[in-house]
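S.K.:
Numbering (the numbering used here), first residue to last: 1 to 290.
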């Protein structure tokens, strides 16, 4: 078993221990898959802790993220219940293996795989047997993919989480698909792996300026209101403010993470277990600058 597939299975165990549902790495533990129509032709697919997105157009299907081979196969099966049109594109959101493994399922259907150039560059340096290299890349802060009468905007806000993190905006449908940057009613994942908290805050503020009504997520739920972007940003801002307040009143550095309390978020998933971990990451960024 590859290292990152083992990591996925460990995430399943952690998710159940926290009552957060199932992650995509273990089929037996996963709740039933669901397909949610967000707008005509635009869908979220997944279960528990993993959701991708796909769009059915006049000329074929665009898929965003594959997660793993089992998930990708189930996603393809769900698509085939709705249309026999060819899979034209699979677009990677970013470089993390747990979101982009299993792309061979769609590649076998004839899909061209697309990513931001930063994602492709990282994958060239850190190849995985479970991740298919992109066929095409895009660069800069924005691009657009048109298929039939449909279009998807690909947006890159700079470093925030992983490499080449892409936010997908569907102008006609007034929706976005954002991966990892917004998880509804959940504190940040453990120690915020591969996140720059300050850049994350900046990115969320930029996303909140876009024109959209609904947010499609990769974790916790298929879709929700645009207010969830502001909610995620407010959590990070409140966390930073609470840490700075502890430092200002003289709380010893090593005691700060366990001293931080944000009771307004105590109903959010992971609050008890992950809040101190979140605090450590932001505290170290404040202290070290990274």
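Cβ atoms here follow ideal geometry from the backbone N, Cα and C, with glycine treated the same way.
I need the straight-line Cα distance from residue 282 to residue 84, nearest angstrom please.
M.R.: If I take the Cα positions, the gap works out to 47 Å.
S.K.: Rounded C-beta distance between residue 93 and residue 130? I'm assuming under 8 Å.
M.R.: Residue 93 to residue 130, Cβ: 16 Å. No contact.
S.K.: What's the call for residue 52, buried or exposed, on a 16-neighbour Cβ count within 10 Å?
M.R.: With 16 or more other Cβ atoms within 10 Å, it is buried.
S.K.: Tell me which residues share the same chain as residue 6 and place their Cβ nearer than 8 Å to its Cβ, disregarding the 5 neighbours each side in the sequence.
M.R.: Bear in mind that a pLDDT of 44 at residue 6, under 50, signals an unreliable position, so the number given afterwards is only what the model happens to contain. Contacts found: none.
S.K.: Between 181, 285 and 79, which has its C-alpha nearest residue 253's C-alpha?
M.R.: That would be 285, whose Cα lies nearest to the Cα of residue 253.
S.K.: Have a look at the DSSP bridge pairing and note the partners of residue 227.
M.R.: Beta-bridge pairing links residue 227 to no other residue.
S.K.: Around the C-beta of residue 175, are 16 or more other C-beta atoms found within 10 angstroms, so that it is buried, or is it exposed?
M.R.: By the 10 Å Cβ count, residue 175 comes out buried.
S.K.: Thinking residue 191 and residue 277 are a contact (beta carbons under 8 Å), I'd like their distance in whole angstroms, please.
M.R.: Yes, they are in contact, since the Cβ atoms of residue 191 and residue 277 sit about 5 Å apart, within 8 Å.
S.K.: Provide the residue span of the alpha helix (DSSP H) that contains residue 143, from first to last.
M.R.: Residue 143 -> not in any alpha helix (DSSP H); beta strand (DSSP E) instead, spanning 142-147.
S.K.: If you compare alpha carbons, which of 115, 142, 222 and 188 is closest to residue 233?
M.R.: It is 188 whose Cα lies nearest to the Cα of residue 233.
S.K.: Please classify residue 166: is it buried, with 16 or more other beta-carbons within 10 angstroms of its beta-carbon, or exposed?
M.R.: The residue in question, residue 166, is buried, as its Cβ has 16 or more Cβ neighbours within 10 Å.
S.K.: Quick check on this structure: which residue in 241, 207 and 132 has the alpha carbon closest to the alpha carbon of residue 68?
M.R.: Out of 241, 207 and 132, 132 has the C-alpha closest to the C-alpha of residue 68.
S.K.: Looking at the secondary structure, which residues open and close the alpha helix (DSSP H) in which residue 61 lies?
M.R.: Looking at the DSSP string, residue 61 is not in any alpha helix (DSSP H); the run it does join, the beta strand (DSSP E), is 60-64.
S.K.: Any idea if residue 203 is buried or exposed, counting beta-carbon neighbours within 10 angstroms, 16 or more meaning buried?
M.R.: By the 10 Å Cβ count, residue 203 comes out buried.
S.K.: What runs of the beta strand (DSSP E), each 3 residues or longer, lie entirely inside the stretch 56-121?
M.R.: List check, beta strand (DSSP E) in window: 60-64, 87-91 and 112-116.
S.K.: Could you tell me whether the Cβ atoms of residue 199 and residue 158 are closer together than 8 Å?
M.R.: Cβ distance < 8 Å, so residue 199 and residue 158 count as in contact.
S.K.: So is residue 141 buried or exposed if we call it buried at 16+ other beta carbons inside 10 Å?
M.R.: Counting Cβ neighbours within 10 Å, residue 141 comes out exposed, since fewer than 16 surround it.
S.K.: Check each candidate in 235, 97 and 207 and name the one with the smallest Cα separation from residue 126.
M.R.: Checking every option, the nearest Cα to that of residue 126 belongs to 97.
S.K.: Count the CB pairs spanning the stretch 178-185 and the stretch 213-227 that are closer than 8 Å, and state whether there are at least three.
M.R.: Yes, the stretch 178-185 is in contact with the stretch 213-227.
S.K.: Near residue 256, what residues of its chain come up, given a Cβ to Cβ distance below 7 Å and the 5 sequence neighbours on each side ignored?
M.R.: For residue 256, where only same-chain residues beyond five positions count, the Cβ hits under 7 Å are 243, 246, 247, 279 and 283.
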